[in-house]
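Top line first, the protein sequences correspond to chains A and B.
Note that my numbering numbers the first sequence so that position 100 is 100, with each residue one more than the last.
Count along the second sequence starting at 1, add 134, and that's the number in my numbering.
Working notes, beginning with the structure itself.
Protein chains: 2
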Amino acid sequence: MDNPNPSPSELELLKCLWRDGVASARELHDRVGAERGWSYSTTRTVLQRMVDKGLAEKRDSHGLAVFTAGADKLDLIGRMVRDFARRVMEVDGALPASAFSGSALLDDAELEELERFLEAEQNSDAPQRDGGRT
Amino acid sequence: MDNPNPSPSELELLKCLWRDGVASARELHDRVGAERGWSYSTTRTVLQRMVDKGLAEKRDSHGLAVFTAGADKLDLIGRMVRDFARRVMEVDGALPASAFSGSALLDDAELEELERFLEAEQNSDAPQRDGGRT
DNA sequence: AATGATGCGCTACAAATGTAGCACATATGA
DNA sequence: TCATATGTGCTACATTTGTAGCGCATCATT
């Protein structure tokens, strides 16, 4: 329901899951972990913690464990952007998603959606349910 | 030489130092820590760690320990923005600082400087704009 | 002088994160 | 069938961050 901010490592794996949809630990490792010099064990540990947090979902595919993203890309990215803007930049109003037009993570359609997400947010502090607790 | 990314708590204190220039632990606590519900001890610990990391400087003012920022605001913020853009958004080119025009942290002049900082950066990976700190 | 509030240097401890190894089961080629 | 490679569930350990207490020195007040 409420996925916490992913750590940098977790975000990398999550991005891979968003791109590929579903992947095994081995694939995730080859595509992400190995690139960063992680050992296969490390990739698996990060993955496991993501599952614990709900950032990833693990299922069985013909006897092999495979993973899928447990958080919606736009939702999570949107919240990360809002958090960064508020917490670091102290920007509290509308956030122009257009700033990230060069993003390799979001295409134009997604950027538009992000824009709407950020706009919608600027009014209600907690867009979803979850009564604001400060 | 190279100040690491401040943790959220550290950033809050740093912002206060940027605003006020110099402040005692007590002042920092009243202005920042207390607001967040930290105990005075906590404020002092975070502060100490900042000194250890070079994010703050401690000096003696008539027998009382006072602190000043140990990192240049624009430099640090610039790097945080670049990091966020690259790491999270996968934006690798020019970053429009204008996106943060509503910032309470940076005024227009500073935003312009940030813009220049981000532009300069997109070419050389290690830019050096340092307002004579450290 | 005795007290109480503060400042200051240390130490403590839990959770989050980075990073990885171990042992065991099973699949697989020689 | 035996030696391997690989998948899987656990455990481990260092750092960083959040959060705070202790004891002692000092300063100000009664």
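Note that the Cβ used here is the ideal one computed from N, Cα and C, for glycine as well.
- Scanning its chain for C-beta atoms nearer than 7 angstroms, with the 5 sequence neighbours on each side dropped, one finds around S9/A the residues V46, in chain order.
- Taking the Cα positions, A238/B is about 34 angstroms away from G54/A.
- Among the residues of the segment 152-175 of chain B, none has a Cβ less than 9 angstroms away from any Cβ of chain A.
- Around the beta carbon of R213/B, a 10 Å sphere encloses 16 or more other beta carbons of the protein chains shown; the residue is thus reported as buried.
- For A233/B, there is no enclosing alpha helix (DSSP H), as DSSP marks it with neither H nor E.
- Check the Cα spacing between A34/A and each of E12/A, E110/A, L64/A: the tightest is with E12/A.
- Between A56/A and T68/A, the gap from beta carbon to beta carbon is short of 8 angstroms.
- Going by beta carbons, L64/A and L114/A fall outside the 8 angstroms limit.
- DSSP places V180/B inside the alpha helix (DSSP H), whose first and last residues are 174-187.
- The beta carbon of M184/B sits no closer than 8 angstroms to any beta carbon of chain A.
- In the displayed model, S141/B falls within coil according to three-state DSSP, outside both helix and strand.
- Remark: C-beta atoms of G102/A and V222/B do not approach each other more closely than 8 angstroms.
- Within its own chain, the residues whose Cβ lies closer than 7 angstroms to the Cβ of L95/A, once the five positions on either side in sequence are excluded, are V81, R82, A85, L118, listed in chain order.
- For A97/A, the CB contacts under 7 angstroms within the same chain, skipping 5 residues up- and downstream, are L111, L114, E115, L118 in chain order.
- Within its own chain, the residues whose Cβ lies closer than 7 angstroms to the Cβ of A23/A, once the five positions on either side in sequence are excluded, are C16, L17, V66, F67, listed in chain order.
- M50/A is the residue among M50/A, D107/A, A109/A whose C-alpha sits nearest the C-alpha of N5/A.
- Here DSSP, grouped into helix, strand and coil, assigns D206/B to coil.
- Identification of chain A residues near F251/B by a Cβ-Cβ cut-off of 7 angstroms yields none; the smallest Cβ-Cβ distance measures about 14 angstroms.
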